[in-house]
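Its first residue numbered 172, the sequence shown is counted upward by one per residue in the numbering used here. Just so it is clear, CB atoms sit at the ideal spot from N, CA and C, and this is done for glycine as well. Okay, structure first, notes after.
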Amino acid sequence: QGRRVESGGGLVQSGGSLRLSCRFATTITSVFNPSTLAWYRQAPGKERELVASIASDGNTDYADSVKGRFTMSRNNARKTVYLQMNDLIHEDSAVYYCNFLTDHTYWGQGTQVTVSP
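Written as structure tokens, this is what we have:
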């Protein structure tokens, strides 16, 4: 159940956009589909924080710092979650990770997002 493949990060200017993807490569469908999934991020010197989550019915929740700018979605057939990030600011720079909301046994390598001031 442990392999996550995050991608889509990069270097972007303030105000730009990125779309992150994360495939739960080894998670079986019967576990993935009913689960609430999430994106987290960790900036240098800071603790990992929850950015967004999406329930099995598609309902989403966002950290106050990204509301109105980030959109999380999921594709159950592909066992993949996405994070559309618009109007990026320097403070969004971090390594972004996907995971289950309530099971943090495994973590992927993450994908680096760097927003230039």
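Given that a residue counts as buried once 16 or more other Cβ atoms are within 10 Å of its Cβ, and exposed if not, what is residue i?
{"i": "Glu177", "result": "buried"}
{"i": "Lys250", "result": "buried"}
{"i": "Ser201", "result": "exposed"}
{"i": "Leu259", "result": "buried"}
{"i": "Thr276", "result": "exposed"}
{"i": "Ser236", "result": "exposed"}
So what does DSSP say about residue i, is it helix, strand or coil?
{"i": "Ser192", "result": "strand"}
{"i": "Ala265", "result": "strand"}
{"i": "Val154", "result": "The structure shown does not extend to residue 154, since the chain spans only 172 to 288, so no value can be given for it."}
{"i": "Thr200", "result": "helix"}
{"i": "Arg245", "result": "strand"}
{"i": "Glu220", "result": "strand"}
{"i": "Ser206", "result": "coil"}
{"i": "Asp232", "result": "strand"}
Compare the beta carbon distance of residue i and residue j with 9 Å and say whether it is the shorter of the two.
{"i": "Phe271", "j": "Ser206", "result": "yes"}
{"i": "Gly281", "j": "Gln213", "result": "yes"}
{"i": "His190", "j": "Gln283", "result": "A small correction: the amino acid at residue 190 is Arg; His does not occupy that position in the sequence shown. Result no, Cβ atoms of Arg190 and Gln283 do not sit closer than 9 Å."}
Using alpha carbons as the reference points, say which of the options lies closest to residue i.
{"i": "Ala209", "options": "Thr200, Ser244, Lys217", "result": "Ser244"}
{"i": "Gly229", "options": "Thr273, Thr285, Ser192, Tyr253", "result": "Tyr253"}
{"i": "Asn204", "options": "Asp274, Thr285, Tyr268, Asn247", "result": "Asn247"}
Taking only the alpha-carbon atoms, compute the straight-line gap between residue i and residue j and give it to the nearest angstrom.
{"i": "Gln184", "j": "Glu220", "result": "22 Å"}
{"i": "Ser264", "j": "Ala196", "result": "25 Å"}
{"i": "Ala234", "j": "Ser287", "result": "21 Å"}
{"i": "Asn257", "j": "Ile199", "result": "31 Å"}
{"i": "Ile225", "j": "Glu262", "result": "23 Å"}
{"i": "Thr242", "j": "Val266", "result": "17 Å"}
{"i": "Thr273", "j": "Gly179", "result": "24 Å"}
{"i": "Ala175", "j": "Ser192", "result": "Ala is not the amino acid found at residue 175; the sequence shown has Arg there. So the alpha carbons of these two residues sit roughly 10 Å apart."}
{"i": "Asp232", "j": "Val222", "result": "8 Å"}
{"i": "Arg194", "j": "Pro215", "result": "24 Å"}
{"i": "Gly187", "j": "Glu218", "result": "25 Å"}
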